[in-house]
Amino acid sequence: MAHQKRYKLLPALSCIWIATASAADIQLSGTVVASACTIDTGTRDQTVMFKQAIAANYDKVGDTSEWQDFELTLSGCPASTTQVIALFSGDADDDDITKFANTQGSASGMALQIMTRDHLTEISPADELAVNVDIDSHRATFPLSARMYTPTGNVTAGEFNTTVQLTFTYQ
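So this is what it looks like as structure tokens:
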């Protein structure tokens, strides 16, 4: 008699623990900017002087002093830099936020107005102004004008002093 072997397969219980992990995508981004230019020493820390103003002559809203021209010049710009953008920072006047406040002087009712030299573009606190870099000289010049301006028509005598800070970005 032939013997038959029977094989019984015992079901095996196994526990498989699967650790699930959440996938994460991390996106990294940045900006590559052009190299910096050099701010010319003659225009770096300049003071723009206004002629003495008589308070009684500023009795109407919008009365102004004469324009005082000045400029900021940057040189040594790399060939890859085609444009310089200046961000104008300073305290806005309480009565006219498009003008800079007289933050360091005792005269009241007077603010600072800045415009491009052609008087077509007014520059207010937190505004930016872009100029192209001259490809031959590698210079960028910001031709500007400033004047005292009364937003109230009620000016009191005293000193007029304010500071405008510029931050440059290069493209």
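Quick note, the sequence shown lines up with residues -23 to -1, 1 to 148 if you use mature numbering (1 follows the signal peptide of the UniProt record, and there is no 0). Virtual Cβ for every residue (Gly too), placed ideally from N, Cα, C.
Cα-Cα separation between Asp72 and Ile31, rounded to whole angstroms | Numbered from 1 along the sequence shown, position 95 holds the residue referred to as residue 72. Numbered from 1 along the sequence shown, position 54 holds the residue referred to as residue 31. Roughly 20 angstroms between the two C-alpha positions.
Which stretch, first to last residue, makes up the beta strand (DSSP E) that contains Thr139?
-> For the purposes of this step, residue 139 is taken as residue 162 along the sequence shown, with counting starting at 1. No beta strand (DSSP E) contains Thr139, which DSSP labels as neither H nor E.
To the nearest whole angstrom, what separates the beta carbons of Thr139 and Leu106, a pair I think is in contact under 8 angstroms?
-> In the sequence shown, the residue the question calls residue 139 occupies position 162. In the sequence shown, the residue the question calls residue 106 occupies position 129. About 18 angstroms separates the two Cβ atoms, so there is no contact after all.
Straight-line Cα distance separating Ser122 from Glu48 | As a first step, residue 48 is located in the sequence shown; it is residue number 71 there, counting from the start. As a first step, residue 122 is located in the sequence shown; it is residue number 145 there, counting from the start. Each residue's alpha carbon lies about 8 angstroms from the other.
Neighbour-count burial assignment, Pro55, 16 or more Cβ in a 10 Å radius = Working through the sequence shown from its first residue, we reach residue 55 at position 78. Classification of Pro55: exposed, given that the 10 Å Cβ count is below 16.
Boundaries (first-last residue) of the beta strand (DSSP E) holding Arg124 = In the sequence shown, residue 124 corresponds to position 147, counting from 1. That run of the beta strand (DSSP E) goes 117 to 126.
Using three-state DSSP, classify Thr50 as helix, strand or coil.
-> Residue mapping note: residue 50 aligns to position 73 of the sequence shown, counting from 1. Thr50 falls in the strand class under three-state DSSP.
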